[in-house]
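Read in order, the letters of the sequence shown correspond to residues 169 to 520 in the numbering used here.
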Amino acid sequence: MPSQTEAKPYLRFMAGSDWNSMQEVQVNRFPVAINNEFFEGILIIRVKNYDEKNLKDAHHYPDQSFLNADEYFGDRSRQFSFQVEGRFKQPVNGDDLYWDISFPTKIHGLPFFTPMVVKFLQYLDPATEIDFYSENRQFVRSSVLTMMNSLSAWKPKPLSNEERRVLHEVDDEQSLDGNSSTATGGDDADSINGPATVPVEGDGTDEGIVHPETLQNGVAEDLTLIVSSIRRLSAASAGGSPTTPSSITSTSSSKSTKAPAEPPRHDPVKRRKYFLQKDNRERVTFYPEYVYAFESFNPHMCWTDFTAKIPGFNIDVKKYFKGGKAVRINLCSKDGSRIYCCMEGALVGDEA
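Spelled out as structure tokens, the structure:
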């Protein structure tokens with residue numbers, strides 16, 4: 169029995185551009201900057217009723233917060249939100265972008281109702297691949313086109329003169345002030361969070377890639393640009409125009425050719441059903457010219473104590489971990505060879 173002075177296990181999230189650059193996340197406070205050879209953008213982690221006081225660097229956290237988690241959760245039933253938005257550096261096929269959940273330590277002694285849990289997860293997303301019993305790697309994974317609760321895309325907007333001026337001032341301050349808490353070489357250099365690290369420019373261009381509305385309120389479903397990518401592929405297959413976004417800009421006012429079948433623009437349930445077909449996923453291209461946003465959330469998983477609630481069952485998930493209690497999540501290619509961003513949620517101090 170733990171003593172009254174013994175610290176209780178606490179939830180910590182680490183995140184980064186790959187598994188070798190993981191750093192502690194200021195949950196509910198700031199986005200995490202992501203930049204690697206495949207993707208540039210941000211990762212936002214929100215957890216309902218999150219308590220940060222046991223984190224080792226919590227006493228260094230600023231009083232202000234870029235995000236407003238209380239307002240975000242409000243009356244929503246969501247227990248968490250994992251949100252990614254940014255630009256791919258090369259075109260990515262819709263059937264080659266996956267949301268992958270795995271466990272760095274083996275889960276074991278699973279309860280008798282595990283098959284029912286699997287059926288429930290596949291009810292939410294019939295395309296989900298699940299293996300809780302593998303000796304090598306246990307996972308839950310699916311295409312982002314079917315697994316994500318919300319998807320959206322938009323064209324990056326040119327930065328105003330004032331925005332460019334402020335950004336250049338921040339760059340100058342960071343290069344001159346080595347002791348600044350947001351400077352590259354400052355005392356808090358281990359942190360990848362904070363207002364100055366949110367990437368509002370893509371690859372040195374004068375285009376803003378973040379969307380203030382999604383940062384505060386989450387992703388609102390809008391597949392307009394994804395539908396346009398499907399139409400471009402259909403036109404190209406019929407011997408029409410090229411399939412780059414710029415190739416249709418000048419003809420956007422003309423009547424576009426509708427694809428034989430298209431997903432709805434604002435209905436996640438019907439979108440998931442549409443993209444269950446591999447052929448439909450393959451007709452989508454995620455282009456570097458656009459900014460894409462993906463959000464995963466649900467009312468079932470309570471990350472603060474690793475419990476899950478599904479119809480008919482309350483599950484103490486942490487009971488089934490052998491050793492450290494951690495879950496790894498990454499946005500990656502279908503074969504896992506390309507990682508766009510990654511994170512890990514762990515109960516620290518509960519390694520029994």
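Glycine included, each C-beta is placed from N, C-alpha and C at the ideal position.
Query                                                                                                                    : Result
Collapsed DSSP secondary structure at L393 in the structure displayed                                                    : helix
Neighbourhood of I398 by C-beta, 7 Å cutoff - its chain only, sequence neighbours within 5 removed                       : A427, E430, R451, V452
Closest residue to L313 among N261, S328, F281 (Cα-Cα distance)                                                          : N261
Terminal residues of the beta strand (DSSP E) in which F443 lies                                                         : Careful: F443 lies outside any beta strand (DSSP E) and carries neither H nor E.
Those runs of the beta strand (DSSP E) which lie wholly inside the stretch 460 to 491 and span at least 3 residues       : 475 to 478, 481 to 484
Residues bridged to L179 (per DSSP)                                                                                      : L515
For G254, three-class secondary structure by DSSP                                                                        : strand
Inter-stretch contact (C-beta, 8 Å, three-pair minimum) for the stretch 277 to 287 and the stretch 240 to 256            : no
F462 and V395 closer than 8 Å at C-beta                                                                                  : no
Cut-off 6 Å between Cβ atoms - residues of its own chain near S233, not counting five sequence neighbours on either side : R197
Span separating the alpha-carbon of C470 from that of A476                                                               : 6 Å
Own chain, CB closer than 7 Å to F474, minus 5 neighbours either side, in chain order                                    : V485, K486, K493, L515
Extent of the continuous alpha helix (DSSP H) run through E381                                                           : 380 to 385
Residue closest to W187, alpha-carbon to alpha-carbon, out of K502, N498, G277, V195                                     : N498
Q251, buried or exposed, once every other Cβ within 10 Å from all chains shown has been counted against 16               : buried
Per DSSP, cross-strand counterpart(s) of F241                                                                            : DSSP, once it has assigned bridges, lists no residue as partnering F241.
Minimum C-alpha distance to P479 - residue among V195, G277, K274, Y291                                                  : Y291
One or two residues paired with Q125 in a DSSP bridge                                                                    : This structure cannot speak to residue 125, because the chain is shown only from 169 to 520.
Beta strand (DSSP E) segments (min. 3 residues) lying fully within the stretch 274 to 317                                : 297 to 299, 307 to 311
N329 in three-state terms, based on DSSP                                                                                 : helix
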